[in-house]
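In the order they appear, the protein sequences are chains A and B. According to my numbering, the first sequence holds residues -4 to 408 in order. According to my numbering, the second sequence holds residues -4 to 408 in order.
Number of protein chains: 2
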Amino acid sequence: MSGTVSPLAPKSYPSMPVIDGVRMATAAAGIKYKNRTDVLMMVFDRPASVAGVFTRSKCPSAPVDFCRSNLPHGVARAVVVNSGNANAFTGAKGRAATELTAKSASEAVGCAENEVYLASTGVIGEPLDATKFSGVLGTMAKEGTGDFWLEAAKAIMTTDTYPKVATRSAEIDGVRVTINGIAKGAGMIAPDMATMLSFVVTDAAIAPEALQAALSAGVGPTFNAVTVDSDTSTSDTLMLFATGAAEARGQKPVLAADDQRLAGFRAALNDLLKDLALQVVRDGEGARKMVEVTVTGAENDAAAKRIALSIANSPLVKTAVAGEDANWGRIVMAVGKSGEMADRDRLAIWFGDVRVAVDGARDPGYSEAAATAVMQQEDIPVRVDLGLGDGRATVWTCDLTKEYVAINGDYRS
Amino acid sequence: MSGTVSPLAPKSYPSMPVIDGVRMATAAAGIKYKNRTDVLMMVFDRPASVAGVFTRSKCPSAPVDFCRSNLPHGVARAVVVNSGNANAFTGAKGRAATELTAKSASEAVGCAENEVYLASTGVIGEPLDATKFSGVLGTMAKEGTGDFWLEAAKAIMTTDTYPKVATRSAEIDGVRVTINGIAKGAGMIAPDMATMLSFVVTDAAIAPEALQAALSAGVGPTFNAVTVDSDTSTSDTLMLFATGAAEARGQKPVLAADDQRLAGFRAALNDLLKDLALQVVRDGEGARKMVEVTVTGAENDAAAKRIALSIANSPLVKTAVAGEDANWGRIVMAVGKSGEMADRDRLAIWFGDVRVAVDGARDPGYSEAAATAVMQQEDIPVRVDLGLGDGRATVWTCDLTKEYVAINGDYRS
Chain A
-4 MSGTVSPLAP KSYPSMPVID GVRMATAAAG IKYKNRTDVL MMVFDRPASV
46 AGVFTRSKCP SAPVDFCRSN LPHGVARAVV VNSGNANAFT GAKGRAATEL
96 TAKSASEAVG CAENEVYLAS TGVIGEPLDA TKFSGVLGTM AKEGTGDFWL
146 EAAKAIMTTD TYPKVATRSA EIDGVRVTIN GIAKGAGMIA PDMATMLSFV
196 VTDAAIAPEA LQAALSAGVG PTFNAVTVDS DTSTSDTLML FATGAAEARG
246 QKPVLAADDQ RLAGFRAALN DLLKDLALQV VRDGEGARKM VEVTVTGAEN
296 DAAAKRIALS IANSPLVKTA VAGEDANWGR IVMAVGKSGE MADRDRLAIW
346 FGDVRVAVDG ARDPGYSEAA ATAVMQQEDI PVRVDLGLGD GRATVWTCDL
396 TKEYVAINGD YRS
Chain B
-4 MSGTVSPLAP KSYPSMPVID GVRMATAAAG IKYKNRTDVL MMVFDRPASV
46 AGVFTRSKCP SAPVDFCRSN LPHGVARAVV VNSGNANAFT GAKGRAATEL
96 TAKSASEAVG CAENEVYLAS TGVIGEPLDA TKFSGVLGTM AKEGTGDFWL
146 EAAKAIMTTD TYPKVATRSA EIDGVRVTIN GIAKGAGMIA PDMATMLSFV
196 VTDAAIAPEA LQAALSAGVG PTFNAVTVDS DTSTSDTLML FATGAAEARG
246 QKPVLAADDQ RLAGFRAALN DLLKDLALQV VRDGEGARKM VEVTVTGAEN
296 DAAAKRIALS IANSPLVKTA VAGEDANWGR IVMAVGKSGE MADRDRLAIW
346 FGDVRVAVDG ARDPGYSEAA ATAVMQQEDI PVRVDLGLGD GRATVWTCDL
396 TKEYVAINGD YRS
């Protein structure tokens, strides 16, 4: 946790409603530091449906491997998350640690080990002493409470400067269902599947297959459209749990992925995922500004997204934003290096509503003062039109500041 | 030009021999600043063979377009290089500026306009006032001298903290030939074709086709294996000129690309290109350390290079190097995100001679002190073995420091 809170932090937190069927508890297990909350446990007293998306890293953490292997079973009873150690690149010891943690959790909750989900965040390559969980999970499972979302979000923070929570509601069969989510960043954030750790719970009754379809569809324009530093974590995990408690209030379970009754739920879920994803960007390590990059007129949507990410990941673009410098030439550079089709002489670029370039050259009416005024905002919209087709994408990033370098030049020690 | 010289600067400059057939002059044309040397002119009194490699950017600068269109002619009489303005993304005005500059140079030297080569470096998107060249090129063409390499290198600097020169010699037909080169960086440096600006001249007699083959082959493991910030410039230009003056000393012209007599020349050229490329990295914006990343045991050489670049471009790896932090977990992360085949459980990692990870976990004999000692060096060798095949590549980069952010947050103003 950094000493100063990001200037882009939310001005207030939403009041997080209780979601029937999930209880949470946190503890200080001494994973890395003494007397610091570093474990979160979620307990589903009745089996919950589960869906998940994970890092595309070829070197995933042991917990990611563990979750992936449990997912086909489709049922969750417990989630154990720790900060301070990622249990990644820990070899046989890492696998043993996940097994021991799952065993401890299954005994604490009274469930099968393949109904346990695990996530770890922190340093890569340090063996994780899973015996530290054994002493705390029993008590946590017993004492967990439903009104604990903000504390849960705090427990999983690493270099985050504020906890990330969001809540939405939707109707299925005329029954109001709630979706709550928490997330943590704040570096090693790049879209290549779900980014960082995030856990979302709903009381809706939705079968695993339908839940997975909703999550997989929702992640593209949200968590997979944000980047802090282009570095994809070994541990990225986004999970969605459905307790089914709404069934008692009359919601008939949704079984099929294409069930039209899910439309409202999907929209609310996507909105919540975007909320959480943007909170992650706004708390990017050292971030002082958020940049929304929209690319239009590309050959297709995939090309638009690659160009948008080329801009959003460019150190030169991000340092210019940090310096409030309307250096649109670096946007041209980033478009050019993306490898995607671009016609220099059709390119147009806007900062906010200020068009700075058109037809492959500086806008004839270019005003440095107007462009600079946009750069001085906290939120900076950048738009690039390629004039080639209908492809379109929006991604979000933050600026690259000296604080990012300071945070990451001395993180492990 | 930054106030402080990079700590990685060469301790001394080589004495640069004169190369018969080329003369150089510099001038202060007031492109961006007053009273600052900002133009370099090279003159070949007899037609020289020419070869070139350029940026792969889809938004190349006007001078890059201009050089590319002249290259098939194969003959050079003049080169005009300016700093302070890249003449990139300048539309029709940019093309007009290259044409006017070529016309001024052709009149000054007495050659055709397609025997003129141009390069510009500096801000993107600002119209370049080419009339400023008209007044100086005539005098430069007249007063140019052969003993002027260091001054030439100084004239093309932008954020460079030291001039970059190198010289080598080789034998063709038992005749000693010389190769001299200059280069400039120091940001927006990433390998995707020749990087930044570099001009190399030899007195050997080599036809354009053979010269181009030698240059294209040499650029892969040298200029295309260095990265400062993953940002590919719109203006990257590397040109090689052969004056043919050695013919008077008995060297028979080399016509074919596969002529075995070129072996020694190619080796000397590659060595010189590597020397210049490493000088560019060692002067990367804000650089305090150089990192040599070697990947072995990859599926093939191309995969090895992509993994090596994924490591070398990772902001988290580069900030860890800046902080002298032996954070090898970030190497694992960068291998994992590269998209290339990797088997976590076969991975081994070295910092210098210190093996820090093996078989997918921390080395049993890991010594933090030994690893940290390597990180405290100026030059840090990192090796990753994937244990999959024979693929191998080496790339070079520098650390990412607060100074990089400072330089680039406020470059344009």
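Virtual Cβ for every residue (Gly too), placed ideally from N, Cα, C. Since this is a predicted model, take the numbers as computed values, not measurements.
Item                                                                                                                                                                                              : Value
Less than 8 Å between the beta carbons of Asp278 of chain B and Gly176 of chain B, yes or no?                                                                                                     : no
What are the residues of the region 295 to 324 of chain A that lie near chain B, defined by any Cβ-Cβ distance shorter than 7 Å?                                                                  : Ser309, Pro310, Leu311, Thr314, Ala315, Ala317, Gly318, Asp320, Asn322, Trp323, Gly324
Express the C-alpha separation of Gly120 of chain A and Pro359 of chain A in angstroms, rounding to a whole number.                                                                               : 54 Å
What separation, rounded to the nearest whole angstrom, lies between the Cα atoms of Thr154 of chain A and Ala321 of chain B?                                                                     : 19 Å
Candidates A:Arg90, A:Ser211, A:Asp198, A:Pro310: which alpha carbon is nearest Leu113 of chain A's?                                                                                              : A:Arg90
Could you give the DSSP three-state label for Met19 of chain A: helix, strand or coil?                                                                                                            : strand
Measuring only the C-alpha atoms, how far is Ser64 of chain B from Ala57 of chain B?                                                                                                              : 11 Å
Under DSSP, the beta strand (DSSP E) around Tyr112 of chain B begins and ends at which residues?                                                                                                  : 111 to 118
Given that a residue counts as buried once 16 or more other Cβ atoms are within 10 Å of its Cβ, and exposed if not, what is Thr222 of chain A?                                                    : buried
Specify whether the region 130 to 144 of chain A and the region 17 to 26 of chain A touch according to this definition: at least 3 beta carbon pairs, one from each stretch, less than 8 Å apart. : yes
Does the contact criterion of 3 or more C-beta pairs under 8 Å hold for the region 71 to 88 of chain A versus the region 31 to 46 of chain A?                                                     : yes
If the criterion is Cβ atoms closer than 8 Å, does the pair Met234 of chain B and Val45 of chain B meet it?                                                                                       : yes
Excluding five sequence neighbours on each side, which residues of the same chain lie with their C-beta closer than 8 Å to the C-beta of Thr93 of chain A?                                        : Ala57, Pro58, Asp60, Phe61, Asn82, Leu113, Ala125
Starting from Met370 of chain A and walking both ways along the beta strand (DSSP E), at which residues does that stretch end?                                                                    : Unbroken run through Met370 of chain A is the alpha helix (DSSP H), 363 to 370; no beta strand (DSSP E).
Using the rule of at least 16 other Cβ atoms within 10 Å of the residue's Cβ for burial, across every protein chain shown, is Gly105 of chain A buried or exposed?                                : exposed
What does a CB cutoff of less than 7 Å around Lys247 of chain A pick up in its chain, not counting 5 residues either side in sequence?                                                            : Asp168
With 8 Å as the threshold, decide whether the Cβ of Thr396 of chain A is near any Cβ in chain B.                                                                                                  : yes
With three or more beta-carbon pairs closer than 8 Å as the criterion, would you say the region 367 to 378 of chain A touches the region 272 to 290 of chain A?                                   : yes
Against Ser52 of chain A, what residues of chain B qualify as contacts under a CB-to-CB distance less than 8 Å, listed in chain order?                                                            : Met328, Gly331, Lys332
So Gly120 of chain A contacts chain B; which residues on that side make the cut at Cβ distance below 7 Å?                                                                                         : Trp323, Gly324, Val327, Ala352, Arg357
Just checking: is the beta-carbon of Lys88 of chain A within a distance shorter than 8 Å of some beta-carbon in chain B?                                                                          : yes
With Gly355 of chain A as the anchor, note down where its alpha helix (DSSP H) starts and where it stops.                                                                                         : Counting along the chain, Gly355 of chain A falls outside any alpha helix (DSSP H), and DSSP gives it neither H nor E.
Ignoring anything shorter than 4 residues or poking outside the region 250 to 318 of chain A, list the alpha helix (DSSP H) runs there in chain order.                                            : 258 to 277, 296 to 307, 310 to 317
At a Cβ cut of 8 Å, what residues of the region 60 to 89 of chain A count as close to chain B, listed as they run along the chain?                                                                : Ala81, Ala83, Phe84, Thr85, Gly86, Ala87, Lys88, Gly89
Closer than 6 Å by C-beta to Asn265 of chain B: which residues in its own chain qualify, once you throw out the five before and the five after it? Chain order, please.                           : Gly213
Based on the DSSP output, what are the partners of Ser44 of chain B in its beta bridges?                                                                                                          : B:Val70, B:Ala237
Measure how close the beta-carbons of Ala165 of chain A and Val172 of chain A come, nearest whole angstrom, since I'm counting them as under 8 Å.                                                 : 6 Å
Here's a check: name, in chain order, each residue in its chain whose Cβ is nearer than 8 Å to the Cβ of Gly117 of chain A, leaving out the five neighbours to either side.                       : Ile26, Lys27, Asn77, Ser78, Gly79, Asn80, Ala81, Thr153
With a threshold of 16 other CB atoms inside 10 Å of the CB of Leu210 of chain A, please say whether the residue is buried or exposed.                                                            : buried
Counting C-beta neighbours from all protein chains within 10 Å, is the total for Lys53 of chain A 16 or more, i.e. buried, or is it exposed?                                                      : buried
Helix, strand or coil: which one does DSSP assign to Pro186 of chain B?                                                                                                                           : Bear in mind that a pLDDT of 39 at Pro186 of chain B, under 50, signals an unreliable position, so the model cannot answer this.
Which residues in chain B sit within 9 Å of Ala401 of chain A, going by Cβ to Cβ distance?                                                                                                        : Thr314, Gly318, Lys397
Could you give the residue range of the beta strand (DSSP E) that holds Leu192 of chain A?                                                                                                        : 192 to 197
Examine the Cβ distances between the region 237 to 251 of chain A and the region 360 to 369 of chain A and report whether three or more of them are shorter than 8 Å.                             : no
My assumption, with CB atoms under 8 Å, is that Lys269 of chain A sits in contact with Asp394 of chain A. Please give the rounded CB distance.                                                    : Incorrect: roughly 20 Å between the Cβ atoms, too far for contact.
Measure the Cβ-Cβ separation of Ala315 of chain A and Gly404 of chain B and say whether it is below 8 Å.                                                                                          : yes
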